[in-house]
Amino acid sequence: NAGVTQTPKFQVLKTGQSMTLQCAQDMNHNSMYWYRQDPGMGLRLIYYSASEGTTDKGEVPNGYNVSRLNKREFSLRLESAAPSQTSVYFCASRTGTTNEKLFFGSGTQLSVL
Amino acid sequence: AQSVAQPEDQVNVAEGNPLTVKCTYSVSGNPYLFWYVQYPNRGLQFLLKYITGDNLVKGSYGFEAEFNKSQTSFHLKKPSALVSDSALYFCAVRDLGSGGYQKVTFGTGTKLQVIP
């Protein structure tokens, strides 16, 4: 009964370093999302994937790339981290429209120094 | 483009009193509307949704919300607040009329503080 699993939970990077945030869901959902949460800004959509093999930009895609590896996994990559990317990152997956809701992972707290 | 506005950063209410957390939205087509709650150091949890049908929807923990198409609002309500309701509440929308209809957009969140 895992739901949405995100790794790592915490990460500290130096400016310019790269890293990949991993996300996996075991609910057979088609749609998956990456959000960042910043104080006063709410949740802002970075990228989303409507189905396996497709990805689309959200509100704040600059500085990020994503991969929908298969139906279960949706990873977020920071190629060259910047202090402005310090944030809490959430992955989510969405059920179909008959009982629509998002299921969220527990988040990754990322600090870029 | 779809958007959500939560005009209040924080709402304070006394325990036992009714509470309202406001949300307005902007879409080009028909909206799917949602409320989520976030407790400290946790991910978001689903509270309730409006997709179609009755304008008054009921959700978890005694919360309800009223869809008002003419005012483009979807305010969250509860008749009697509990201290345990204190949390961060997010309104969200999915715009079925836009090209990116799979996007789910969130508001900035409203911190609810229930005072004992």
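Chains as they are written, first to last, in this note's numbering: chain A, -10 to 102; chain B, 27 to 142.
Just so it is clear, CB atoms sit at the ideal spot from N, CA and C, and this is done for glycine as well.
message = With a threshold of 7 Å on Cβ separation, who are the neighbours of A/V101 within its own chain once the five nearest residues in sequence on each side are excluded?
response = Within the same chain, A/V101 has close Cβ partners L2, T4, A70, A71, P72, Q74 and T75.
request  = Alpha carbon to alpha carbon, how far is A/L67 from B/T131? Give it in angstroms, no decimals.
outcome  = Across the structure, B/T131 and A/L67 are spaced so that their CA atoms are roughly 22 Å apart.
request  = Please classify A/S7: is it buried, with 16 or more other beta-carbons within 10 angstroms of its beta-carbon, or exposed?
outcome  = A/S7 is exposed by the Cβ-count criterion.
query = Is the shortest distance between the beta-carbon of A/L34 and the beta-carbons of chain B less than 9 Å?
reply = At least one chain B Cβ lies under 9 Å of A/L34.
Touch test, the stretch 84 to 92 of chain B against the stretch 33 to 43 of chain B, Cβ-Cβ under 8 Å, three pairs minimum = Contact between the stretch 84 to 92 of chain B and the stretch 33 to 43 of chain B is absent: fewer than 3 CB-CB pairs across the two stretches fall below 8 Å.
task = Confirm, please, whether the CB-CB distance from B/F116 to A/G31 is below 9 Å.
result = Yes.
inquiry  = Going residue by residue through the stretch 76 to 134 of chain B, where are the continuous beta strand (DSSP E) segments of at least 3 residues, counting only ones entirely within it?
reply    = Listed in chain order, the complete beta strand (DSSP E) runs (minimum 3 residues) inside the stretch 76 to 134 of chain B are 82 to 84, 90 to 94, 99 to 104 and 113 to 121.
key: Chain-order list of residues whose beta-carbon lies under 7 Å from that of A/Q0 (same chain, five-residue window excluded)   = Closer than 7 Å at the Cβ level, and outside the excluded window around A/Q0, lie M8, T97 and L99.
inquiry  = For a test of the three-state rule: what should DSSP assign to B/Q36, helix, strand or coil?
reply    = If DSSP states are grouped into helix, strand and coil, B/Q36 belongs with the strands.
Ordered list of beta strand (DSSP E) runs contained in the stretch 0 to 62 of chain A, each at least 3 residues = Segments of the beta strand (DSSP E) lying fully in the stretch 0 to 62 of chain A: 8 to 14, 20 to 27, 31 to 38 and 53 to 57.
Short CB-CB distance (under 9 Å) between A/R61 and chain B = No, A/R61 does not count as interfacial toward chain B.
message = DSSP has B/K137 in a bridge; who is on the other side?
response = Per DSSP, B/Q36 and B/L114.
request  = Look at the alpha carbon of B/T50 and the alpha carbon of B/Q97, and state the distance between them as a whole number of angstroms.
outcome  = Put simply, the backbone Cα of B/T50 is about 8 Å away from that of B/Q97.
inquiry  = Going by C-alpha to C-alpha distance, which of B/L108, B/R68 and B/K129 sits closest to B/P44?
reply    = For B/P44, the closest of B/L108, B/R68 and B/K129 by C-alpha to C-alpha distance is B/L108.
task = Out of A/Y78, A/E89, A/N88 and A/G85, point me to the one whose CA is closest to A/C105's CA.
result = In the structure as shown, chain A begins at -10 and stops at 102. Residue 105 of chain A is therefore absent and cannot be evaluated.
ask   = In terms of alpha-carbon separation, which member of A/N88, A/G94 and A/A81 lies closest to B/K129?
value = The candidate whose alpha carbon is nearest that of B/K129 is A/A81.
task = With distances taken Cα to Cα, identify the nearest neighbour of B/S106 among B/R120, B/Y65 and B/E90.
result = Distances from the CA of B/S106 to each of B/R120, B/Y65 and B/E90 were compared; the closest alpha carbon is that of B/E90.
ask   = On the three-state DSSP scale, how would you describe B/Q64?
value = Three-state result, B/Q64: strand.
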